[in-house]
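The next block holds one structure in the form of structure tokens; read it before the comments.
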Amino acid sequence: MESKDNHDFNILYVDDEENNLTSFRAALRRYYNIYTAQSGAQGMEIINNHDIHVIVTDQRMPGMTGVQFLQHIPDEPDNVRMILTGFSDMEAIIEAINTGKVYRYITKPWDKDELKITIDNALEAVRLRRDNKHLISVLKESNENLEQKVKQRTIEIEKKSILLEAEKEKSEKLLLNILPEEIAEELKRFGKSYARKHEQVSVMFTDIKSFTSISETMMPDVLITQLDEIFRGFDYIIEKHGMEKIKTIGDCYMCAAGLPTERTDNAVLAVHAALDFLEFMNGYNTTKKIQGLQEFEVRIGIHTGPVIAGVVGITKFAYDIWGSTVNVASQLEHHSMPGKINISHQTYSLIGDQFECESRGKIPTKSKEEIEMYFLKSKK
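Residues 1 to 380 in this note's numbering are what the sequence shown lists, from first letter to last.
In structure tokens form, the structure reads like this:
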């Protein structure tokens, strides 16, 4: 996504530790106008005197927590609020998300690039809200004019009503395409969907080896066509195994088993799907080799554990998941090999009696944590 000029936007960061404020300023001042405060009171003073578009606050501060600070801020639809937190504060964060006080949370320690992407997304939400307000104003004016002609245009209005109903049906079908069915129904009925914690979910990441370098040698239309063919194949496989597609990130495909409906066989479903992914890629590459087209190899990583799941976004809804389980699954994919399925001990303990696995021992990861890993070989 192309970077937009965000220097007209004001970002407020509240944290009681000066070192954190200094790091935040140093990392992001070249991109935005940065305001910092060491307490909730200082933060409120800045908000009262400046047009703040994004508010980022630490959760744990003396005097008042980040959630309490955000609850004291007057409702202002044009700003977006985020919390920096550790996983020990999850219950308070979930409540804040559900009450609409928090756009999303960021786990500590934060990564500069990921934080910038998150803030850019938040600013895009601010832009969308402003655009929506303008559109609502335009529509309101148009409706006032239309009301004067209602009696003379009854037939035309009836035709428009039929068209609107068709558009509503189309929108509902589109909603079902981007959200799990029960989440879409909840959103339609109540206007929002509540964040939930799921205790046992198997998260799977699949990444194409050397995709960036390969993409530079291919025509864009050919590249996108092939990537679409691969992801369509993956979509079919996870639907067959009752899994949920979360999102694609470039050439990375992320899905999960065990949500939104919880089940006990989620790990088995995930490894079955992973084996089908590899089988699909073997057939795909055989066909592409005959056609003289680019072949691709994939790495797969699976980890099982608790996650938080919910819908984020305002005009573009997205069902997403968060938590250390997601991070570990990503690390497992990173430490996998082309054509291999790399699983954690937690996943292995749930499927080991049904599948042949090869222990890799404990392997250090990017976070310097050692994770016990296994290569999934085949079904017993």
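Where is the CB? At the ideal position from N, CA and C, for every residue including glycine.
Since residue i and residue j should fall inside the 8 Å C-beta cutoff, what is the C-beta to C-beta distance between them, to a whole number of angstroms?
i, j, result
"C252", "F296", "Contact doesn't hold; Cβ gap of about 13 Å is too wide."
"F69", "V126", "At roughly 19 Å, the Cβ-Cβ gap does not stay under 8 Å, so F69 and V126 are not in contact."
"H50", "Y35", "6 Å"
"M337", "R299", "6 Å"
"I93", "Y105", "5 Å"
"N33", "N19", "That belief does not hold up - the Cβ atoms of N33 and N19 are roughly 21 Å apart, past 8 Å."
"F40", "M64", "With the sequence shown as reference, residue 40 is identified as Gly, and Phe is not the correct amino acid for it. G40 to M64, Cβ: 5 Å. Contact."
"Q331", "T286", "Actually they are not in contact, since the Cβ atoms of Q331 and T286 sit about 31 Å apart, beyond 8 Å."
Given a cut-off of 8 Å, decide if residue j and residue i are closer than it, judged by their beta-carbon atoms.
i, j, result
"E333", "G301", "yes"
"I83", "V54", "no"
"E262", "H198", "yes"
"I351", "V268", "yes"
"N266", "A257", "yes"
"L223", "S215", "yes"
"Y319", "I230", "no"
"V271", "L376", "yes"
"L28", "K116", "yes"
"L12", "Q38", "no"
"E372", "K379", "no"
"Q346", "G292", "no"
"V294", "M218", "Before going on, a small fix: residue 294 reads as Gln here, not Val. Yes, the Cβ-Cβ distance between Q294 and M218 is below 8 Å."
"L135", "V201", "no"
Tell me which same chain residues have a C-beta within less than 6 Å of the C-beta of residue i, skipping the five on either side of it?
i, result
"V328", "H303"
"S367", "none"
"S359", "Y374"
"F24", "Y13"
"I208", "D251, F296 and V298"
"M241", "Checking the sequence shown, residue 241 turns out to be His, not Met. Excluding residues within five positions, the ones whose Cβ falls inside 6 Å are L269, H272 and A273."
"S3", "With a pLDDT of 45 at S3, under the threshold of 50, the predicted position of this residue should be treated as unreliable, though the coordinate-derived value follows. Hits under 6 Å: none found."
"R196", "A309"
Go through its chain and collect everything with a Cβ distance to residue i's Cβ below 7 Å, but skip five positions before and after it.
i, result
"V326", "V203 and V307"
"K245", "D235, I238 and C255"
"R130", "D78"
"P62", "D16"
"Y348", "C357 and Y374"
"A122", "V54, V80, M82 and Y103"
"K288", "Q294 and E295"
"F277", "T206, F234, I237, V298 and I300"
"G339", "L278 and E297"
"Q354", "V268, K379 and K380"
"N48", "none"
"F280", "G233 and I237"
Could you tell me whether any Cβ in chain B is nearer than 8 Å to the Cβ of residue i?
i, result
"R127", "Within the model displayed, chain B is absent; a lone protein chain is all it includes."
According to DSSP, residue i sits in a beta bridge with which residue or residues?
i, result
"K245", "C255"
"Y35", "L12"
"E356", "S378"
"N342", "G301 and F375"
"I208", "V298"
"Y236", "Paired residues: none, contrary to the question."
"R104", "M82"
"S202", "A257 and T304"
"I155", "I155 is not bridged to any residue."
"K362", "E372"
"R29", "DSSP output for R29 lists no bridge partner at all."
"K197", "I308"
Using C-beta distances below 8 Å, list every residue in its chain close to residue i, excluding the 5 sequence neighbours before and after it, in chain order.
i, result
"G43", "L12, V14, A37, I55, T57 and F69"
"I46", "L12, Y35, A37 and I52"
"K247", "M254, A318 and D320"
For residue i, is the beta carbon positioned less than 7 Å from some heavy atom of the ligand SAH?
i, result
"I83", "The ligand SAH is absent from the structure shown, which contains no ligand whatsoever."
Worksheet entry | Complete alpha helix (DSSP H) runs within the region 46 to 85 (minimum length 4 residues, chain order) | 66 to 72
Worksheet item: Residue ranges of each beta strand (DSSP E) run of no fewer than 3 residues wholly in the region 246 to 333, ordered along the chain?
Response: 252 to 257, 298 to 312 and 318 to 322
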